[in-house]
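Notes follow once the structure below has been shown.
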Ligand SMILES: C[S@@+](CC[C@H](N)C(=O)[O-])C[C@H]1O[C@@H](n2cnc3c(N)ncnc32)[C@H](O)[C@@H]1O
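In structure tokens, the structure reads:
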């Protein structure tokens, strides 16, 4: 996973503006639910390039980000110098030793907690870094079937490979690891969290940025996330002409699916809350 996020981190950082635009409705909901108070000490798990660190600082919280990918850590540090950002595996690190200070009042994450090898151990590790009664608020994806962001365009690229890439097993570490809400609830309970809430939240990822129709933005996101592995393999498997044809096919598909002139993709996530 660490290796994957070192490679994947570059594309994520390069396209952070597009991700932030697409996730804007979700981020607003997450921030509102987290309800940070002035002076709270907040841990952002899998902080990526620092969107929630920025949001928390704006609310007057003391923000600490943890991320396993050095590329992400460097980007977050540059973007949000007032936050403390540590490079560590949130599943196993002694977080209060790595970021010395009082136990955290809150844990937050936007899509940063689905990659743990042992999720119950990881959520227990996060709980150990918090004070009693601390809150945890995070967002994770529901199933692939409910989320065309994982298939749109990426399937066209994968179909050009000699063999289709393997589908992740249900519950395996990865973006949709917690699609099954009951499994997620059990993992959180096993880790000692209580008052667990798992609410569905549906929104649209809108890829139009600064008045664009979002085709190039969505294509950039596909090539750096859901379609990244297939696209990397295609570099050595097919020539430049065929690759250009494939990109045109993805663009045409995106254009055909514009809504009101903009690429807009439905998204289905769980908004999760829990208490130490
Ligand atoms: C989908 S990205 C989300 C980034 C950021 N939260 C955002 O919404 O822009 C997932 C992030 O989790 C990080 N990550 C994955 N496994 C991790 C782990 N075990 N410990 C810390 N960070 C991890 C990745 O490096 C990546 O930055």
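Residue numbers (the numbering used here): 369 to 644.
For glycine and all other residues, C-beta sits at the position ideal for the given N, C-alpha and C.
Residue i versus residue j - alpha carbon distance
| i | j | result |
| --- | --- | --- |
| residue 608 | residue 417 | 31 Å |
| residue 406 | residue 523 | 45 Å |
| residue 381 | residue 639 | 24 Å |
| residue 629 | residue 501 | 47 Å |
| residue 439 | residue 457 | 14 Å |
| residue 484 | residue 555 | 12 Å |
| residue 460 | residue 642 | 20 Å |
| residue 486 | residue 451 | 28 Å |
| residue 599 | residue 532 | 12 Å |
| residue 509 | residue 468 | 31 Å |
| residue 377 | residue 413 | 15 Å |
| residue 635 | residue 515 | 5 Å |
| residue 597 | residue 426 | 36 Å |
| residue 370 | residue 621 | 32 Å |
| residue 464 | residue 449 | 20 Å |
| residue 611 | residue 374 | 25 Å |
Counted within 10 angstroms of its Cβ, other Cβ atoms place residue i as buried (16 or more) or exposed
| i | result |
| --- | --- |
| residue 526 | buried |
| residue 499 | exposed |
| residue 603 | exposed |
| residue 437 | buried |
| residue 570 | exposed |
| residue 511 | exposed |
| residue 517 | buried |
| residue 480 | buried |
| residue 613 | exposed |
| residue 605 | exposed |
| residue 520 | buried |
| residue 623 | exposed |
| residue 455 | buried |
| residue 540 | exposed |
| residue 637 | buried |
| residue 453 | buried |
| residue 627 | exposed |
Below-7 Å beta-carbon distance, residue i vs any chain C residue
| i | result |
| --- | --- |
| residue 372 | Absent from the structure: chain C. Only one protein chain is present. |
C-beta atoms of residue i and residue j nearer than 7 Å
| i | j | result |
| --- | --- | --- |
| residue 582 | residue 631 | yes |
| residue 559 | residue 488 | yes |
| residue 575 | residue 562 | no |
| residue 404 | residue 424 | yes |
| residue 475 | residue 431 | no |
| residue 401 | residue 473 | no |
| residue 573 | residue 442 | no |
| residue 536 | residue 482 | no |
| residue 644 | residue 553 | no |
Integer Cβ distance of residue i from residue j, believed to fall under 8 Å
| i | j | result |
| --- | --- | --- |
| residue 435 | residue 429 | Actually they do not touch by this definition, with Cβ atoms about 18 Å apart. |
| residue 383 | residue 589 | 6 Å |
| residue 647 | residue 398 | Outside the modelled stretch of the chain, which goes from 369 to 644, sits residue 647, for which no answer is possible. |
Residues sharing a beta bridge with residue i, DSSP
| i | result |
| --- | --- |
| residue 571 | 635 |
| residue 584 | For residue 584, which the question treats as bridged, DSSP gives no partner whatsoever. |
| residue 423 | DSSP, once it has assigned bridges, lists no residue as partnering residue 423. |
| residue 506 | 477 and 640 |
| residue 472 | 498 |
| residue 410 | 431 and 474 |
| residue 459 | Looking at the DSSP assignment, residue 459 forms no beta bridge with any residue, so it has no partner. |
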